[in-house]
Amino acid sequence: MDARTIEKLTIIKLREEALKIPDVVGVHGMNKEELINLLKIQNGIPIEKKQKGSSTIREIKKKIKQVKQERVAAIDAKDTTKALKLRKKIKKLKRKTRH
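Using my numbering, you'd call the opening residue of the sequence shown number 571 and step up by one each time.
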């Protein structure tokens, strides 16, 4: 398979191809870009880096969890100003997940 045929495949076909790879786990949870990158790596095709754009929803949700933990620590330390800033940051990140 070459890069062009991999990119033209539907998500269903990409999953079928990824399931043939023995070491890969969680194929059904991946989105199309992740599957394409996985198949390109498996076939030895270089991955073209795109310009930095918006983060994926998964990355944003990981960031939200991290900021929530920081907020809890700030509340425990009775640092209300930091807790308020972190709350606003969480709200801002949540808005980004809703497109």
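All C-beta atoms in this analysis are idealised placements derived from N, C-alpha and C, irrespective of residue type, glycine included.
Distance between residue j and residue i (C-alpha atoms, nearest Å)
| i | j | result |
| --- | --- | --- |
| K648 | V642 | 10 Å |
| K664 | K633 | 10 Å |
| T650 | E603 | 40 Å |
Pick from the options that is closest to residue i, judged by C-alpha positions
| i | options | result |
| --- | --- | --- |
| I627 | V594, G599, G614 | G599 |
| L605 | E629, S625, I630, K578 | K578 |
Under 8 Å between C-beta atoms of residue i and residue j
| i | j | result |
| --- | --- | --- |
| I581 | Q612 | no |
| A573 | K610 | yes |
Limits of the unbroken alpha helix (DSSP H) element including residue i
| i | result |
| --- | --- |
| V594 | Here V594 belongs to no alpha helix (DSSP H), and DSSP marks it neither H nor E. |
| E629 | 627 to 646 |
| T667 | 650 to 667 |
Coarse secondary structure for residue i, derived from DSSP in three states
| i | result |
| --- | --- |
| K619 | coil |
| N601 | coil |
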